[in-house]
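In what follows, a structure is listed as structure tokens, so that the remarks can point back to it.
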Amino acid sequence: MIEPIRPTADAVEILDQRALPERMRYIRCTRADMVVDAIQSLAVRGAPAIAVAGLYGLWVEALALAGHTNGTDELEAAKDRIRNARPTAVNLAWAVDKVWATRPGEGSALVRYLRREADALYQEESLRNERMAQFGAALLPPSSRVLTHCNTGSLATIGLGTALGVIRQAYADGRIDQVWVDETRPLLQGSRLTAWELVQDGIPATLITDSMAASLMAQGKVDAVLVGADRIAANGDTANKIGTYGLAVLAHFHHIPFYVVAPLSTIDRTLSSGNAIPIEERAAHEVREIRGQAIAPRDMPVFNPAFDVTPSSLISAIVTDTGVAQGDFETGIAKLLEQEGKGTPDA
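Counting in our numbering, the sequence shown runs from 262 upward without gaps.
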């Protein structure tokens with residue numbers, strides 16, 4: 262498995278996904294603001310992965326502040342900066358809030374506690390990926406041709422991945438013949454990251470531009486769509502990488518199953534619907550340029566939301582680490598949360 266995050270004795274190393282697929286390089290982070298920068302600049306991305314990175318960021322900050330006179334106040338301020346680094350993905354705020362609420366005082370005990378919690382979340386995410394992969398693969402018939410959007414593999418999640426984890430498991434089970442990979446504009450997470458991971462795995466895959474999906478579906482070349490999620494409301498409405506909603510509409514029109522794959526930590530039961538999910542808007546240069554090369558007038562106004570919201574009515578199933586919700590998502594999600602036995606994040 263690719264390691265997007267590598268903790269050491271006194272730092273956390275983050276694989277710089279901005280440099281992929283040309284080269285692999287790690288950023289050594291010894292303070293919280295270094296981790297915040299890595300999250301906001303998309304050196305590390307994907308809801309589960311940034312939650313893990315956030316906890317390690319809290320740990321390295323506590324380590325650096327140990328013995329400082331105002332260390333407690335500085336650490337709390339750093340906690341808030343980490344928590345709010347990206348507003349749409351609920352996993353980050355959930356992980357930070359959960360750990361902060363049960364912290365043991367300060368000093369060396371706090372440092373040990375934060376490292377232990379970060380390590381535990383790292384391991385938990387890997388196990389969740391494996392369970393989702395099994396549940397999701399079972400939904401696909403043999404010889405499926407699937408389409409996926411953005412990047413939901415090891416780089417984004419720790420372990421097998423969410424939607425890409427299902428693809429990996431289904432391919433191993435003989436259920437997938439072909440993967441269609443959306444390039445995912447404007448930052449090309451599909452072509453730079455998902456395509457790279459699939460090539461490493463030797464899984465048959467073909468890259469397409471986002472605008473080619475409709476044509477493929479019309480030709481009968483797509484049997485299912487698999488995507489991840491950054492936040493899921495209590496009714497099943499799902500926020501994911503921009504372009505996901507359009508794929509859901511296309512899949513619905515062409516009678517193609519549309520599956521969302523995400524751990525329970527992505528569900529925000531404090532939100533009754535997707536209308537309340539905050540949508541991050543990112544910098545204009547991400548649209549005007551591709552890797553520093555201008556492709557539009559520099560003064561051209563840009564609208565650049567990082568995510569869109571797919572209504573649950575367009576979703577065939579939501580695959581989680583405790584099971585699959587279908588049909589009445591509000592009831593199904595509530596039952597999955599009860600099975601899990603420890604609730605869900607408060608945003």
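Beta carbons: idealized from backbone N, C-alpha and C, even for Gly.
Limits of the unbroken beta strand (DSSP E) element including residue i
i	result
I275	273 to 276
A485	485 to 488
A270	Run containing A270: none; DSSP gives neither H nor E here.
A500	499 to 502
S476	Not the beta strand (DSSP E): S476 falls in the alpha helix (DSSP H), residues 474 to 479.
R406	405 to 409
T581	578 to 581
D569	568 to 571
I493	492 to 494
I288	287 to 290
First and last residue of the uninterrupted alpha helix (DSSP H) at residue i
i	result
A586	Unbroken run through A586 is the beta strand (DSSP E), 584 to 586; no alpha helix (DSSP H).
I517	Element bounds for I517: n/a, residue is neither H nor E.
V321	308 to 326
F590	590 to 601
A293	293 to 301
A417	415 to 418
Exposure label - residue i; buried when at least 16 CB within 10 Å
i	result
I275	buried
T413	buried
V321	buried
L459	buried
S526	buried
G366	exposed
F514	exposed
D560	exposed
H410	buried
G463	exposed
E386	buried
E337	exposed
P309	buried
G435	exposed
Same chain only: Cβ atoms within 7 Å of residue i, ignoring 5 sequence neighbours per side
i	result
R389	P524, D582
I343	A293, V296, V297, G315, G318, L319, V357
G593	A586, Q587
E335	L326, H329
Proximity to residue i [Cα-Cα], best of the options
i	options	result
L408	I263, T505, D589, D529	T505
L371	A280, T423, G328, I437	G328
E601	R429, V273, G584	G584
R377	I503, A270, L421, K502	A270
Y432	E264, V313, L401, V510	L401
A354	D529, E547, E599	D529
Y520	L425, S472, L336, T330	L425
P566	A555, A545, N331	A545
K502	A537, G463, R543, A466	R543
M285	E264, T330, T531, Q587	E264
S534	T470, I493, A509, K359	I493
L348	T571, G588, T499, I540	First, the residue type needs correcting, since residue 348 is Pro and not Leu in the sequence shown. Looking at the Cα atoms, I540 is the closest of the given residues.
A490	A474, A509, S476	A509
A350	Q384, V360, A417, D334	A417
D569	T455, A500, A394	A500
G517	K596, K482, T333	Just to set this straight, residue 517 is Ile in the shown sequence, not Gly. Answer by Cα proximity: K482.
A325	A339, A312, V313	A339
Q450	V488, A479, G435	V488
L511	D334, A474, D341, E550	A474
I288	A312, R267, A308	R267
T333	V305, A312, S369, A299	S369
D484	G507, I437, V522	I437
S405	N352, P465, K596	P465
Cutoff 6 Å; reference residue i; Cβ partners in own chain excluding five residues on either side
i	result
K603	Below a pLDDT of 50, predicted positions are generally treated as unreliable, and K603, at 44, falls in that range; no measurement from the model is reported.
T291	A272, V321
M262	S415
P282	R453, W457
F396	V580, V585
Q301	A346
P379	The sequence shown places Ala at residue 379, not Pro. So the list reads L316, Y317, W320, once near-sequence residues are dropped.
D607	Residue confidence is low: D607 scores 38 on pLDDT, short of 50, so the model does not pin down where it sits. Its coordinate-derived value is still stated next. Same-chain partners within the cutoff: T531.
Q430	A394, A398
Q587	A578
V548	P447, V563, N565
A557	R549
G307	A417, T418
Residues of its chain near residue i, where Cβ-Cβ distance is below 8 Å and the 5 sequence neighbours each way are ignored
i	result
L303	Q278, R279, L448
F209	With the chain represented from 262 up to 608, any question about residue 209 goes unanswered, as that position is not in the structure.
E599	none
G553	none
T467	Q439, V440, W441, V442
L375	L316, L319, W320, A323, V360, R364
L420	Before going further, note that residue 420 is Gly rather than Leu in the sequence given. Around G420: M262, E386, S387, L388, R389, N390, E391, G426.
E444	G451, S452, L468, I469, T470, D471
Cβ of residue i within 8 Å of any chain D Cβ
i	result
R549	In the displayed structure, chain D is absent; only one protein chain is listed.
Going residue by residue through the region 430 to 467, where are the continuous alpha helix (DSSP H) segments of at least 4 residues, counting only ones entirely within it?
Those alpha helix (DSSP H) runs which fall completely within the region 430 to 467 and span 4+ residues are 456 to 462.
Curious, which full-length alpha helix (DSSP H) runs of at least 4 residues does the region 520 to 556 contain?
546 to 549
Give, in chain order, every unbroken run of the beta strand (DSSP E) that is at least 3 residues long and sits entirely within the region 341 to 397.
none
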